[in-house]
Each structure stands twice: as structure tokens, then as C-alpha cells.
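Residues in the sequence shown are numbered from 1 upward in steps of one, following full-length UniProt numbering.
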Amino acid sequence: MAVDTSSQSVAKAAGDDARGRSRRPGKPAGKVRRSLSTHWYAWAMVAPVTIVIAVIIGYPLVRGIYLSLTDANERNVARSIGVNEIPATYEFVGLDNYKEALSGSQFFETLGWTLVWTVSCVAVTFVLGLALANMLNRRIAGRSFYRMFLILPWAVPGFVSVFAWRFLYNENNGLLNQMLGGVGIDAVPWLNDPTWAKFSVIAVNVWLGIPFMMVALLGGLQSIPGELYEAAEMDGAGPWQRFRNITMPGLRSVSTTVILLSTIWTFNMFPVIFLLTRGGPGEATQILVTQAYKFSFEISPRDFAQSSTWGVLILVLLMLFAAVYRRVLRKQGEVW
1 MAVDTSSQSV
11 AKAAGDDARG
21 RSRRPGKPAG
31 KVRRSLSTHW
41 YAWAMVAPVT
51 IVIAVIIGYP
61 LVRGIYLSLT
71 DANERNVARS
81 IGVNEIPATY
91 EFVGLDNYKE
101 ALSGSQFFET
111 LGWTLVWTVS
121 CVAVTFVLGL
131 ALANMLNRRI
141 AGRSFYRMFL
151 ILPWAVPGFV
161 SVFAWRFLYN
171 ENNGLLNQML
181 GGVGIDAVPW
191 LNDPTWAKFS
201 VIAVNVWLGI
211 PFMMVALLGG
221 LQSIPGELYE
231 AAEMDGAGPW
241 QRFRNITMPG
251 LRSVSTTVIL
261 LSTIWTFNMF
271 PVIFLLTRGG
281 PGEATQILVT
291 QAYKFSFEIS
301 PRDFAQSSTW
311 GVLILVLLML
321 FAAVYRRVLR
331 KQGEVW
């Protein structure tokens, strides 16, 4: 008996399509179940770390957001005096703290210097790190020694480096002013003049950041095939053309990552500012994170609500920067 194979095929396809449509709403759940059953060992290994990070980061974050919506300060939080327990009396005030911070001039003045500080440090660090990485990528005598020597600032604890620089910047007995005095130049008030203080903190942060930038970019340079440079040289390309058309495109993925990380780290670089100038002279070198610290620990009464508000605003600014940065990279064809 003859069988209409074409009709059977159409009917089977229609049935498969109908069954596919009926299963489609449950597809995401099915994918999760399959992932858990297939990669259960990986999930089990990641779970403890995820839980610890959620507790260490999540609780302070939620607590900070909550305090930013209250009028909590040193006088109305829960505290103990001897055996007496005094309950908290602070109240919920909504977005009043944010309105106060964003309507005043202090936040925007501090934000302006923070942006100048961040852009200056990242730009100078990237340029110097790239220059040193290019030098160390060549076959030069003593290359291993230079690499080890240039990584030294990264190996020394940050607070030790900052205290060493503070000694060098001392206006009366510092080595820098003694060297200037030796050639007849008057002592420079490195940390006591607003302009010189800003220059000084940027110089210290650049000195601390160059090793990371150099090592990361050096790794990127070593991943670029040497045949590309040989072919370009045979075609008559000069050093600048090879750098622009081979080196920079080859470093694009590494550069985008280190610039993002360096921006976030510099924006929140508390130790350099706090240990070197404590935000002074006056408020000249105060960045957002040191000002938030000042609200909680230096002024009286300590304003925990305002400190939390500034902390949340810092987080929002960095998240916005990361989102815009990612959008720009995606438009340029970079996957991040």
C-alpha cells in the first residue's frame, strides 16, 4: 500500500512544533536543573565562597543603605554605658540625606577634585606603565633586574610606602627639599600648600600604581605575535606605525581591563590621601571616600547617616561608570 510520506512528515513536524511550544515556558527552569545536575560539583565548590562574600559585603551594604535613610548619629544610636544599654532613637527620614548632600556645594566640590585625581592618576600611570612595558619587552641587558626593581613599589605594603614618601616630603628635613637646597632652590611646602599637596598625592599614587599597570601591559605585549612586527617592518612601516597599528590594537583587551580596575581603585584610594595629607591642607585633597570617613570618625557628633549616604553615592557613581564603560566597549566590538 502506498504511503504519503510528505503528509506524514508535515504532520510529524507540526506535532513536534506543538510539543516544543508547550514545553517552551518551562525551558529556563529545565536549563537550571540540567546545569545543577551536570555541574553540581562546581556549584558545590562555589557556594561557600558566594555565601561568605554575600555575608561580608551584602550585610554592610544593606545596613549602609538603611542608615542613609535615617538620621543616625553618635547621640541617637544604640550604645552601652557601663552596664546600661541605651536603645537607638534615630528615625527614618527617607531621602532627606541625599537631598542635603546633592543640594550643597561640598559634595560637588569634593567630587570635582576626586574626578581630577582619578583621571590624572590613571592617565599618567597608564602612559608610564606602557612606556616601561615596551622597554622591558625588548632584549636588553639586565632586563630581569629592572623588572624586579620596578615591581618593588607593588611588593612593599602601601602604608609603608606612603609613610616613606611623607618623610621625603617633609618641608624642613625631607630629602627632596635638602636636594633642592643643595642647588640653591628654596624649600617647597609639598604637603602644606593646596596646589603642591595635590601634585604630591598624585605623584605617590602614580608611583604605587605603575608596577601593576606595567606587569599587566607587559603580559599583553608578550601575547602579540612577533611575526606581525616582522611583516610590518618588511612592508616599510616605521616604529610609530607599528605601535599604532599593531601594539595598541593588540593591547586593547588588556588595556580596557586595567583602566577599569585602576579607575575604581584610584577613585576609592583611601590610604594615600588619609595617611599623606588627611585631606588637607584644609579640604584641598579630600576625596569622596575620605570625606565619608570623616563624617563617621572625625567630626563631632559623628554623623553615620551622612557617611552612609556618601558611601551609597560613591557606589552609584562607580556602577554608572562601569555601565557606561561597558556600553562604550560593546560599541567598539569589545566583549566585557
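Glycine included, each C-beta is placed from N, C-alpha and C at the ideal position. Computed from a predicted model, the values in this text were never measured in an experiment.
Selected residue, minimal CA-CA separation from residue i, among the options
i                 : options                           : result
isoleucine 64     : Glu227, Leu315, Val328 and Met319 : Per the sequence shown, the amino acid found at residue 64 is glycine instead of isoleucine. Among Glu227, Leu315, Val328 and Met319, the Cα nearest to that of glycine 64 belongs to Leu315.
serine 308        : Phe321, Val324 and Leu288         : Leu288
phenylalanine 274 : Ile151, Ala197, Cys121 and Val83  : Ala197
valine 119        : Phe321, Val328, Pro60 and Leu329  : Phe321
leucine 218       : Val46, Val122 and Leu132          : Leu132
glycine 129       : Val46, Lys294 and Arg147          : Arg147
serine 262        : Tyr90, Val49, Val52 and Met213    : Met213
glutamate 74      : Tyr90, Thr38, Gly82 and Tyr66     : Tyr90
serine 161        : Lys31, Gln306, Val206 and Ser80   : Val206
valine 328        : Leu318, Trp310, Ala292 and Thr256 : Thr256
aspartate 66      : Val312, Met269, Glu283 and Phe295 : Checking the sequence, you will find tyrosine at residue 66 rather than aspartate. Here the closest residue by C-alpha is Val312.
arginine 278      : Arg330, Asp235, Ser200 and Leu228 : Ser200
phenylalanine 149 : Val215, Thr114 and Lys99          : Val215
residue 409       : Gln222, Leu180, Ile246 and Trp240 : A question about residue 409 goes unanswered here, because the residues of the chain that appear run from 1 up to 336.
valine 122        : Arg330, Leu228, Pro211 and Gly250 : Pro211
methionine 248    : Trp43, Val52, Ile299 and Ser223   : Ser223
residue 337       : Glu283, Ser37, Val272 and Arg34   : Because the chain in this structure spans residues 1 to 336, residue 337 falls outside the shown range and cannot be described.
C-beta atoms of residue i and residue j nearer than 9 Å
i                 : j                 : result
phenylalanine 92  : leucine 111       : no
tryptophan 154    : leucine 276       : no
glycine 209       : tryptophan 265    : yes
phenylalanine 126 : isoleucine 259    : yes
phenylalanine 304 : valine 77         : yes
valine 254        : glycine 226       : no
aspartate 193     : proline 301       : no
glutamine 306     : alanine 88        : no
serine 177        : tryptophan 190    : Just to set this straight, residue 177 is asparagine in the shown sequence, not serine. Yes, the pair counts as a contact, with Cβ atoms nearer than the cut-off.
glutamate 233     : arginine 244      : no
threonine 290     : phenylalanine 267 : no
tryptophan 40     : threonine 285     : no
leucine 175       : phenylalanine 167 : yes
tryptophan 310    : alanine 292       : yes
valine 124        : isoleucine 202    : yes
leucine 136       : arginine 143      : yes
Secondary structure of residue i, DSSP reduced to three states
i              : result
arginine 302   : coil
glutamate 85   : strand
valine 327     : First, the residue type needs correcting, since residue 327 is arginine and not valine in the sequence shown. Reduced to three states, the DSSP call for arginine 327 is helix.
arginine 79    : strand
alanine 322    : helix
isoleucine 287 : coil
arginine 21    : Unreliable placement is indicated for arginine 21, whose pLDDT of 46 sits below 50; the coordinate value is still reported in the next sentence. It is helical.
alanine 237    : coil
threonine 277  : coil
valine 32      : helix
serine 223     : coil
valine 312     : helix
proline 153    : helix
glycine 282    : coil
leucine 317    : helix
glycine 26     : Here the model assigns glycine 26 a pLDDT of 47, short of 50, so the residue's position is not dependable and the matter cannot be decided.
Counterpart residues of residue i in DSSP-defined beta bridges
i                : result
phenylalanine 92 : Thr70
Below-9 Å beta-carbon distance, residue i vs any chain D residue
i             : result
methionine 45 : Checking the listed chains, one finds no chain D in this structure; it contains a single protein chain.
- Message: Going residue by residue through the region 103 to 142, where are the continuous alpha helix (DSSP H) segments of at least 4 residues, counting only ones entirely within it?
- Response: Within the region 103 to 142, the complete alpha helix (DSSP H) segments at least 4 residues long are 105 to 136, listed from N- to C-terminus.
- Query: Where in the region 165 to 221 do unbroken runs of the alpha helix (DSSP H), each at least 4 residues long, occur, reported from the N-terminal end onward?
  - Reply: Entirely contained in the region 165 to 221, the alpha helix (DSSP H) runs reaching 4 residues are, in chain order, 175 to 182.
- Ranges of the alpha helix (DSSP H) found wholly within the region 241 to 275, counting only runs of at least 4: Segments of the alpha helix (DSSP H) lying fully in the region 241 to 275: 252 to 267.
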